[in-house]
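Undergrad: Numbering (my numbering), first residue to last: 104 to 685.
The beta carbon of each residue, even a glycine, is placed where N, CA and C say it ideally should be.
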DNA sequence: GCCGTTTTCGGCCCGACTGTTTTCAGTCG
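In structure tokens form, the structure reads like this:
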């Protein structure tokens, strides 16, 4: 079988990491990092390509192409095997400590014989690290502290769901300060990566010292100050205990700073290289002519991109996965935006047990958000403890018309069905046929293997009354991985049966993820967006679902929620009439 | 190791913060 791009990218990434520790030429390291990124972003299976096809991919040259072919043929890359033999795993582990990079790790290993995090802790404790040339008590104390911090966590990244509320409050407080003109989230949180390493917050101000001092002294938000300078304050927060870097810039640098600090790193590097080719230089303060130093852009992001002859690129697409090339060629898709949504296709009321708000409260909130239609998809009866009975659902049905009229929104009579071990769902076809909209999801037997979960989902899709599959992989970010579905089979079955796949907007789920969204679109799948709201506040999840859709380059045409009521009903009808048994 | 609107060779993105080395290297994003 062919190796996946993900695995090839991992191999190349590990080569880069080990080369860096082996003190290799920095540009050679970077070349492997870039190649790994290019492989990870490729939409076709690189394991199948010839050498000349491989070198056609930007970032892959002759040498890397040989490595990929070597891996495909032998399941191993000789260079990586050599590096693994030469660079000890303990050395790699030590570089996981924030503030401890490859140079210092190498010295600790060579000069002090340290070869694990335990060795490092001991050497910090007895003063050997502090006594190294160029080190001192303060450096050692910082490392000891950083080591303690990573020791308490099993990963150095935090799920977005754990930081969103806290960061919103932090931004609100910053925004209330006299000296603050603008405040916004940048970094991976703006791009909505599913986990964040640290949080970047951008502040426009004429008085950075005042802003920095105000936040630094806010004991409710700040557990610890890591660094404080004229343009940056780094803190560890209370609450989620995450690092937040607050960048302080003048208002006329806002756009350049937003571009710079939103990243991704790969995207901004490409941007700066493009600038150099055009005789410009880009930093967080602006875009300047290289020769004269004359400022040509910087106040807004649109202006900054325009100075590089590019349209504005949505933050969610800035991963260097082809967006710069597409923008350059004028083929960047206009991705779906929250304002394009006409409705929500997955949400709950307290008719099913885990809903936290009444049907009327939810309907009112949905209408106030400007949605034209809203599908209430309470849990069906097989969900132990929480499912609604047939009678409860029939009673709910009677209320939908009047409530819709009262609040000026059309309500779709919906269900969230439970996919059982064999791919069946809660109710018979006759009863299901009386509903407007059905999501079907796996809520039980989450430990089944990949083949079984794929089979359950594909079987459920053959039901003419199952319109979309809810949170398809079942993942909960930071808690449990999703099942490894056989995507090719899932896509084929979805197309054959006219079934959609959901992008679930719960920040804990973001399921399916952006990279799968992109593959699904290529396969011709229709996507649905679901807030999976169990409370009024959860309706905000639509925003996260939309951002996830953008990460997969989804357009209005790919997302069922962007259609009017007739469009949704047409999709439902097409499935019932054309699907197996329809 | 990769790449080409100066180049098939010789470059390759930019700046802040920290600690400590009185002029800068390492790390980070």
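Does the beta-carbon of residue 236 have 16 or more other beta-carbons within 10 angstroms, so that it is buried, or is it exposed?
TA: That one is exposed.
Undergrad: Going residue by residue through the stretch 355 to 400, where are the continuous beta strand (DSSP E) segments of at least 3 residues, counting only ones entirely within it?
TA: List check, beta strand (DSSP E) in window: 383 to 386, 389 to 392, 398 to 400.
Undergrad: Would you say the stretch 328 to 336 touches the stretch 377 to 384, given that touching needs at least three Cβ pairs under 8 angstroms?
TA: No, the stretch 328 to 336 does not touch the stretch 377 to 384.
Undergrad: Just checking my contact of residue 249 with residue 200 at CB under 8 angstroms: how many whole Å lie between their CB atoms?
TA: With a Cβ gap of about 5 angstroms, residue 249 and residue 200 count as contacting.
Undergrad: Sort 225, 443, 191 by Cα distance to residue 209 and report the nearest one.
TA: It is 191 whose Cα lies nearest to the Cα of residue 209.
Undergrad: Straight-line CA distance for residue 545 to residue 452?
TA: C-alpha separation (whole angstroms): 19 angstroms.
Undergrad: Compare the beta carbon distance of residue 540 and residue 526 with 8 angstroms and say whether it is the shorter of the two.
TA: No.
Undergrad: Can you list, in chain order, the residues of its chain with a C-beta nearer than 7 angstroms to that of residue 138? Leave out the 5 residues immediately preceding and following it.
TA: Answer for residue 138: 115, 162, 163, 167, listed in chain order.
Undergrad: Looking only at its own chain, which residues have a Cβ that is under 7 angstroms from the Cβ of residue 219, when we skip the five neighbours before and after it?
TA: Hits under 7 angstroms: 193, 196.
Undergrad: Ignoring anything shorter than 3 residues, give me the beta strand (DSSP E) runs that lie fully in the stretch 124 to 193, in order along the chain.
TA: Here no run is fully enclosed.
Undergrad: Taking just the CA atoms, how far does residue 289 sit from residue 485?
TA: The straight-line gap from Cα to Cα measures roughly 43 angstroms.
Undergrad: Shortest alpha-carbon distance to residue 639 belongs to which of 447, 211, 214?
TA: Closest option to residue 639, Cα to Cα, is 447.
Undergrad: With respect to the beta strand (DSSP E) encompassing residue 605, which residues constitute its N-terminal and C-terminal limits?
TA: Residue 605 -> beta strand (DSSP E) spans 603 to 607.
Undergrad: For the beta strand (DSSP E) containing residue 541, name the first residue and the last one.
TA: Unbroken beta strand (DSSP E) run through residue 541: 540 to 544.
Undergrad: Among all the DSSP beta bridges, which residues are the ones paired with residue 513?
TA: Bridge partners of residue 513: 476.
Undergrad: Under a Cβ-count criterion, where at least 16 other Cβ atoms within 10 Å of its own Cβ denotes burial, should residue 634 be classed as buried or exposed?
TA: Per the 10 Å Cβ criterion, buried.
Undergrad: State the start and end residues of the unbroken alpha helix (DSSP H) segment that holds residue 225.
TA: Element bounds for residue 225: 220 to 228.
Undergrad: Straight-line CA distance for residue 644 to residue 281?
TA: Looking at the two C-alpha atoms, the distance is approximately 31 angstroms.
Undergrad: Roughly how many angstroms separate the alpha carbons of residue 171 and residue 178, rounded to a whole number?
TA: Taking the straight line from one Cα to the other gives about 10 angstroms.
Undergrad: Need the endpoints of the alpha helix (DSSP H) that residue 639 sits in, please.
TA: Run containing residue 639: none; DSSP gives neither H nor E here.
Undergrad: Following the continuous alpha helix (DSSP H) through residue 551, name the residue where it begins and the one where it ends.
TA: No alpha helix (DSSP H) holds residue 551; DSSP gives it neither H nor E.
Undergrad: Can you give the Cα-Cα distance for residue 445 and residue 601, rounded to whole angstroms?
TA: So the alpha carbons of these two residues sit roughly 21 angstroms apart.
Undergrad: Does the stretch 523 to 537 come close enough to the stretch 558 to 573 that 3 or more CB-CB pairs lie under 8 angstroms?
TA: Touching, yes, given that three or more Cβ pairs across the two stretches are closer than 8 angstroms.
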